[in-house]
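Taking my numbering, the leading residue of the sequence shown gets 182, the next gets one more, and so forth. Glycine included, every Cβ here is placed at the ideal spot set by N, Cα and C. Bear in mind that the values here come from a model prediction, so they are computed numbers and not experimental data. Beneath this line is the structure, given in structure tokens, with notes to follow.
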Amino acid sequence: MTVAGWPAQATMVRWLGLLPRLAAVLTGAVGVMVLAGWGLRLPLLTSVVSSLPAMMPNTAVAFVLAGLSLWLVGPQQSARWRRQQPGRAL
């Protein structure tokens, strides 16, 4: 990717390109953590924040699917068209 102007702009663009991946990983990790909490019967893992009620397993599955969708739709160089359709379906 080329960016006209300062080298700092290219660095910022590169870091901003990582945000969709980071969001995908964090979203999926929260879902997996909550599902593990329900499977292992650990109430500490079923709630993201201790003051909030426990997240239901179907919501945790939705988090995992949302993370997978973000990963598939995120910016990529190769075979982008193959990943966008399943990502949009999720």
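- Query: By the 10 Å Cβ neighbour count, where 16 or more other Cβ atoms means buried, how is L221 classified, buried or exposed?
  - Reply: exposed
- Quick one: Cα of G212 to Cα of T192, how far? 31 Å
- Message: If you follow the alpha helix (DSSP H) that A247 is in, where does it begin and where does it stop?
- Response: 238-254
- Task: Mind reading off the beta-carbon distance from G248 to G198? Whole number of angstroms is fine, and I expect it under 8 Å.
- Result: Not really, about 18 Å apart at Cβ, beyond 8 Å.
- Message: Since G255 and R202 should fall inside the 8 Å C-beta cutoff, what is the C-beta to C-beta distance between them, to a whole number of angstroms?
- Response: 6 Å
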